[in-house]
Amino acid sequence: MAFVLPSKRAGLFLKKHISEFVRKPIFSPKIYSIEELIIEISGIANTTNLNLLLELYETSKLYLKSEELTFQSFLSWGNTLLSDFNEIDRNLVEHKSLFAYLTESQRIKNWGSDKRPTPLISNSLKFWSQLETVYENFQSRLLEKGVGYQGLLYRKASEKVQRFLSNNPGITYHFIGFNALNVAEEHIFQSFFTNGKATVSWDIDSYFVEDGVHEAGFFIRNYLKKWNQFNGLSPLEHRNQFLKEKKIHITGVPKSISQAKYVGHILRGVLSQNNENNIALVLADETLLKPILHALPENTSKVNITMGLPLRKTTLFDFFDSLFNVHLNRSKNGWYHKDVIKLLSNPYAIAFLNTSKNNLAGDLKNHIKEKNILFVNQALLDTLPYSKSARLKRLFSPSPQGALFAKTCLTVVQDLKQLYQESNDQQEIHQLYGFHQLFTQVHDLVQIKPYLNSLKALKHIFNELVLTEKIDFKGEPLGGLQIMGVLESRNLDFETVIITSVNEGILPAGKSQNSFIPYDIKKGFGLPTYKEKDAIYAYHFYRLLQRAKNVHLLYNTEPDVLLGNEKSRFISQLQTDTSLGPYITQSVAAPETAIALEPAKEIVKTPELIGLLMELGSRGFSPSALTNYIKNPYDFYKNNVLRLNEVEEVEENIAYNTFGTIVHDTLEELYLPLVGERITPKGLESLKKGVTSITKTNFEKFYMSKDIESGQNLIAFHVIQKYVSSVIDLDIERSRSHEIILMALEKSIKAQILLPGHPQPLFLKGKLDRLESVDGVVHILDYKTGNVASSEVEVLDVMETITNEKRSKAFQLLCYALMLHKEDQINSLNAGIVPIKKLSMGILPFALKKSARGPRDLTIDKELLAHFQEHLFTLLTDILNPEKPFVDTDSVPF
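If you count the sequence shown from 1, position 697 lands on 697 in our numbering, and the numbers rise without skipping.
1) Between the beta-carbon of Met1 and the beta-carbon of Pro25, is there less than 7 Å?
2) For Tyr32, which residues does DSSP report across the bridge?
3) May I have a chain-ordered list of the beta strand (DSSP E) segments no shorter than 3 residues that lie completely inside the region 477-541?
4) Write down the C-beta distance between Ile506 and Asp321 rounded to the nearest angstrom, noting that I regard them as a contact closer than 8 Å.
5) So the alpha helix (DSSP H) Tyr583 belongs to, where does it begin and stop?
6) Taking Arg141 as the reference, give the member of Leu56, Asn632 and Ser166 with the closest Cα.
7) Give me the Cα-Cα distance between Asp701 and Phe375, rounded to the nearest whole angstrom.
8) Apart from the five residues just before and just after Phe352, which ones in its own chain have a Cβ nearer than 7 Å to its Cβ?
9) Indicate whether Thr251 and Ser587 have their beta-carbon atoms separated by less than 7 Å.
10) Could you give the DSSP three-state label for Asn881: helix, strand or coil?
11) If you scan the region 709-778 from start to end, which runs of the alpha helix (DSSP H) of 4 or more residues do you find wholly inside it?
12) Out of Asn49, Leu481 and Val727, which one is the CA nearest neighbour of Val263?
13) Opposite Trp335 in the DSSP bridges: which residues?
14) What are the boundary residues of the beta strand (DSSP E) that includes Asn556?
15) Tell me where the alpha helix (DSSP H) around Val213 begins and ends.
16) Would Leu75 and His460 be called neighbours here (beta carbons separated by less than 7 Å)?
17) Whole angstroms are fine: how far does the CA of Glu883 sit from the CA of Asp890?
18) Excluding the five sequence neighbours on either side, which residues of its own chain have a C-beta within less than 7 Å of the C-beta of Thr557, listed in chain order?
19) Suppose contacts are defined by Cβ-Cβ distances below 7 Å. Is Phe242 in contact with Asp205 by that definition?
20) Is it the case that the Cβ atoms of Leu613 and Leu876 are separated by a distance below 7 Å?
21) Nearest-angstrom Cα distance between Thr172 and Gln150?
22) From Leu395 to Val641, what does the alpha carbon distance come to, in whole angstroms?
23) Report the partner residues of Arg856 according to the DSSP bridge assignment.
24) Kindly indicate the opening and closing residues of the beta strand (DSSP E) around Leu283.
25) Are at least three pairs of beta-carbons, each pair with one atom in the region 5-15 and one in the region 175-182, less than 8 Å apart?
26) Name the one or two DSSP bridge partners that Lys567 has.
27) When the Cα of Ser808 is compared with those of Asn632, Gly676 and Ala751, which residue comes out closest?
28) Identify whether Lys15 lies in helix, strand or coil by the three-state DSSP scheme.
29) Leaving aside the five residues before and after His738 along the sequence, list all residues of the same chain whose C-beta is less than 7 Å from its C-beta, in chain order.
30) Whether or not the region 205-217 and the region 528-543 are in contact is what I'm after, with contact meaning three or more pairs of Cβ atoms, one per stretch, closer than 8 Å; do they touch?
31) Judging by CA-CA distance, which residue of Ser356, Ile471, Ile248 and Thr680 is the nearest neighbour of Leu289?
32) Would Asn240 be called buried (16 or more neighbouring beta carbons within 10 Å of its own) or exposed?
33) Mind checking which residues open and close the alpha helix (DSSP H) that includes Ala625?
34) Only counting the same chain, and skipping five residues up and downstream in sequence, which positions put a Cβ closer than 8 Å to that of Glu20?
35) At what residue ranges does the region 386-466 contain a whole run of the alpha helix (DSSP H), taking only runs of 4 or more?
36) So, is Gln752 buried or exposed, given that buried needs 16 or more other C-beta atoms within 10 angstroms?
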């Protein structure tokens with residue numbers, strides 16, 4: 001006697017149930033999964049998908065006769081071709097007819113063109129016409145090695161089944177719990193039945209079989225019609241379990257993570273009432289595994305996970321993926337900074353590079369950001385204090401090839417294993433073991449396949465392997481909460497079933513199919529289409545429900561905008577089935593959200609903080625710092641008191657502040673020889689000769705010379721030259737009608753402020769971009785490379801400058817004027833903004849107006865400055881007032 005089941009897992013549970021019935025020791029009957037029986041009948045071993053792809057690539061390159069066919073380009077369609085070969089053989093399709101039909105259908109597509117076919121069309125037709133040859137020779141190569149893909153095993157098993165039956169007389173095979181059989185399986189089953197060597201037990205409820213259109217009974221209804229002619233066929237045992245009383249809870253939950261958390265909520269209640277050995281959690285979308293594990297309640301004592309964690313979903317994969325990208329994206333200039341920073345930010349890179357004495361990963365990251373390095377090269381690494389680090393050299397080897405890189409990855413894995421063994425972190429060691437096996441396989445392949453000895457090919461192999469390799473979880477397969485995928489639930493019954501992601505496109509999978517064979521040709525040759533696949537999902541879904549007493553179905557209420565993935569039709573079928581109406585409850589769950597107004601962020605001024613403010617005042621408040629306070633006191637506290645600036649990033653393209661700095665520095669260097677002199681049109685014209693070289697010198701303070709040879713930085717370089725030339729042109733025009741004497745450039749000034757009620761003096765400090773005398777009147781000029789409007793420097797009342805952040809530029813000009821008045825005793829002057837981007841507007845002067853449309857007074861005299869100082873006192877008193885906290889005005893509730 002032997003039993004044949006759809007999966008190994010079902011066989012394990014069958015053994016358990018047999019052991020419950022026997023009262024004395026017996027020899028266990030032979031229990032096969034269908035794959036094991038097929039291997040035994042065919043006499044061919046299964047092999048990995050990667051080995052199959054390598055064989056298919058070599059066959060294709062040989063018979064398609066394409067010198068340009070690289071392994072990387074082949075992988076983009078190789079899996080699809082392999083899948084099609086699989087379907088052809090599993091369904092015993094006469095391949096010559098199919099490939100001939102496919103070739104002719106492609107010719108018809110291009111029929112009727114008067115012109116000669118293009119090389120692209122010719123190559124396409126050649127590909128289709130050679131597929132039959134590739135298919136036949138691919139099979140021959142595999143059979144010579146005694147291995148095959150699943151379809152080939154099925155085809156050979158169907159050819160050898162009679163010999164197998166002759167060699168195994170006296171054994172009765174019991175086929176249990178099958179549903180959707182391919183043509184090869186049907187032929188094998190019928191051979192067993194014809195010889196009187198088999199029985200069959202269908203695991204289906206009569207409700208689905210008797211309903212002529214129900215998807216769940218689609219396949220078995222067909223077998224009932226076709227197979228009655230065979231002698232020895234066991235009578236079908238229809239069961240009536242599905243309509244028995246049960247509780248079906250249908251719950252809509254927004255997004256995947258919320259589903260995981262809601263599963264935890266369900267389990268917390270279920271585990272307190274039920275035996276956890278009779279609970280199944282079925283993940284229709286297996287990517288939910290990680291969040292589900294984090295959401296399991298504390299009263300979960302035992303868990304068995306059948307699916308394993310894909311290596312691709314681990315942080316260790318991200319580390320090696322980043323390492324590949326660092327070297328694959330390397331240019332002649334070096335390793336790209338974003339790739340390097342991403343690698344150095346990975347926890348495994350930090351653990352690998354850092355020691356108890358240094359923070360190598362962090363230091364290198366900071367160095368790249370501080371120096372604004374776009375490309376990290378070997379010469380740069382050699383200048384660093386930690387350049388001799390062996391581990392750093394492993395990660396940044398100059399020119400790694402396939403075999404060398406695989407060996408480097410193995411060494412990295414070994415080094416990491418040593419680190420985690422010291423801390424006895426078994427989870428990390430388990431992951432590292434998975435990657436050690438993977439890179440060993442890759443390394444061995446590169447040794448025997450010369451065409452894989454490139455980094456690109458190695459990356460493709462790596463990506464192919466991490467798709468299939470998994471980290472197995474240790475657990476008791478027959479006990480505890482069972483977490484599984486849909487296919488692993490075959491033949492298994494549970495009292496409580498929880499199914500997640502019951503959405504279209506997931507359960508069932510829908511119309512998505514990756515195949516070279518069009519739908520109509522598949523139908524014509526009897527190959528399965530998405531309709532048959534949907535019927536398979538329907539069977540698995542309803543079979544899970546038929547004997548369960550408590551069912552929880554969760555679906556995502558917020559489907560994908562592009563893909564759809566709305567609530568599954570299976571749920572809609574349950575909802576419209578009047579027989580199930582009394583058993584179904586429906587609800588929508590959402591995370592609890594407390595709608596409470598958050599109080600505005602504020603920082604109370606402690607004596608220590610007042611001390612910091614006084615210290616800052618004694619060094620000098622800058623106009624820009626005071627402007628920050630006017631805009632948002634909380635930002636002033638963060639940026640100017642604590643000096644917490646935003647995270648520094650490498651500027652790939654020139655930033656606004658860097659742009660402004662280069663303009664300022666270039667103008668200062670150009671105009672410096674003219675300080676103390678009257679500027680003339682002739683003298684200014686001579687400055688233009690140095691614009692390009694001086695701009696380039698200042699650009700190279702922030703970027704390497706190669707970084708400004710192309711792209712946006714090259715454009716910015718030319719824009720800055722134009723702006724600088726335009727400033728010179730503006731001064732040429734001004735110097736023709738005015739006597740202008742350049743008094744100072746980038747002049748640092750500082751003035752004491754005696755604040756009433758504060759014995760300790762405070763200071764204002766700043767730097768004037770340019771100070772000049774125009775027809776005997778002192779002018780302060782401030783360069784601005786951003787957008788400026790005249791309204792920002794024109795006020796109706798001086799008080800506006802400290803109450804309205806839109807007048808911040810007027811505030812800065814008055815601060816400069818006040819400091820200059822106190823330091824150089826200048827009692828009357830003018831001040832203005834030079835709008836670098838819009839010099840056609842001319843200089844925008846500070847002006848006091850009595851009405852919005854009234855005349856402008858451009859003079860800043862002692863009286864105006866005294867009035868401004870009073871308001872400045874008010875501002876400084878606010879800053880130093882211990883009763884007035886720093887409030888984040890951006891977070892104030894509306």
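C-beta: ideal position from N, C-alpha, C; glycine also.
This is what the structure gives:
1) Locating residue 1 in the sequence shown gives position 1, counting from the first residue. Locating residue 25 in the sequence shown gives position 25, counting from the first residue. No. Outside cutoff.
2) Within the sequence shown, the letter at position 32 stands for residue 32. For Tyr32, which the question treats as bridged, DSSP gives the partners Val4.
3) 481-484 and 496-500
4) What you label residue 506 is simply residue 506 of the sequence shown in a count that begins at 1. What you label residue 321 is simply residue 321 of the sequence shown in a count that begins at 1. So it is not a contact: roughly 26 Å between Cβ atoms.
5) Position 583 of the sequence shown, counted from the first residue, corresponds to residue 583. Tyr583 -> no alpha helix (DSSP H), and no H or E assigned at all.
6) Taking the sequence shown and counting its residues from 1, the one referred to as residue 141 is at position 141. When each option's Cα is compared against that of Arg141, the closest is Leu56.
7) As a position in the sequence shown, residue 701 is number 701, starting the count at 1. As a position in the sequence shown, residue 375 is number 375, starting the count at 1. The sequence shown places Lys at residue 701, not Asp. Going from the Cα of Lys701 to the Cα of Phe375 covers about 15 Å.
8) Counting from 1 along the sequence shown, the entry for residue 352 is found at position 352. So the list reads Arg391, Val412, Asp415 and Leu416, once near-sequence residues are dropped.
9) Within the sequence shown, residue 251 is the residue found at index 251, counting from 1. Within the sequence shown, residue 587 is the residue found at index 587, counting from 1. Yes, they are a contact pair.
10) Here residue 881 is taken as the residue at index 881 of the sequence shown, counted from 1. Reduced to three states, the DSSP call for Asn881 is coil.
11) 711-737
12) By 1-based counting over the sequence shown, the position of residue 263 is 263. Nearest of Asn49, Leu481 and Val727 to Val263, Cα basis: Leu481.
13) The residue given as residue 335 occupies position 335 in the sequence shown. Paired residues: Val376.
14) Counted from its first residue, the sequence shown places residue 556 at position 556. Where Asn556 is concerned, the enclosing beta strand (DSSP E) stretches over Asn550 to Asn556.
15) The count along the sequence shown starts at 1 and reaches residue 213 at position 213. Run containing Val213: none; DSSP gives neither H nor E here.
16) Looking up residue 75 in the sequence shown gives position 75. Looking up residue 460 in the sequence shown gives position 460. Cβ atoms of Leu75 and His460: closer than 7 Å.
17) For the purposes of this step, residue 890 is taken as residue 890 along the sequence shown, with counting starting at 1. For the purposes of this step, residue 883 is taken as residue 883 along the sequence shown, with counting starting at 1. Distance between the alpha carbons of Asp890 and Glu883 is about 20 Å.
18) Counted from its first residue, the sequence shown places residue 557 at position 557. Taken in chain order, the residues that qualify are Gly252, Val253, Pro254 and Val588.
19) The count along the sequence shown starts at 1 and reaches residue 242 at position 242. The count along the sequence shown starts at 1 and reaches residue 205 at position 205. In contact: Phe242 and Asp205 (Cβ atoms closer than 7 Å).
20) Here residue 613 refers to the residue found at position 613 of the sequence shown. Here residue 876 refers to the residue found at position 876 of the sequence shown. In this structure, Leu876 does not lie closer than 7 Å to Leu613 by Cβ.
21) Locating residue 172 in the sequence shown gives position 172, counting from the first residue. Locating residue 150 in the sequence shown gives position 150, counting from the first residue. The alpha-carbon atoms of Thr172 and Gln150 are separated by roughly 25 Å.
22) In the sequence shown, residue 395 corresponds to position 395, counting from 1. In the sequence shown, residue 641 corresponds to position 641, counting from 1. Distance between the alpha carbons of Leu395 and Val641 is about 40 Å.
23) Within the sequence shown, residue 856 is the residue found at index 856, counting from 1. Beta-bridge pairing links Arg856 to Lys849.
24) Sequence index remark: in the sequence shown, residue 283 carries index 283 (1-based). Taken as a continuous stretch (DSSP letters only), the beta strand (DSSP E) holding Leu283 covers Ile279 to Leu283.
25) yes
26) One-based indexing of the sequence shown puts residue 567 at position 567. Answer is Asn503, bridged to Lys567.
27) For the purposes of this step, residue 808 is taken as the residue at position 808 of the sequence shown. Out of Asn632, Gly676 and Ala751, Asn632 has the C-alpha closest to the C-alpha of Ser808.
28) For the purposes of this step, residue 15 is taken as residue 15 along the sequence shown, with counting starting at 1. Helix, per DSSP.
29) Reading the sequence shown from its first residue, position 738 is the one you call residue 738. Taken in chain order, the residues that qualify are Val774 and Asp775.
30) yes
31) As a position in the sequence shown, residue 289 is number 289, starting the count at 1. Closest option to Leu289, Cα to Cα, is Ile471.
32) As a position in the sequence shown, residue 240 is number 240, starting the count at 1. Label assigned to Asn240: exposed.
33) Along the sequence shown, one-based indexing puts residue 625 at 625. Looking at the DSSP string, the run of the alpha helix (DSSP H) that includes Ala625 is Pro623 to Lys631.
34) Here residue 20 refers to the residue found at position 20 when the sequence shown is read from its first residue. Hits under 8 Å: none found.
35) 390-395, 402-422 and 426-448
36) Residue 752 sits at position 752 when you count from the first residue of the sequence shown. Gln752 is exposed by the Cβ-count criterion.
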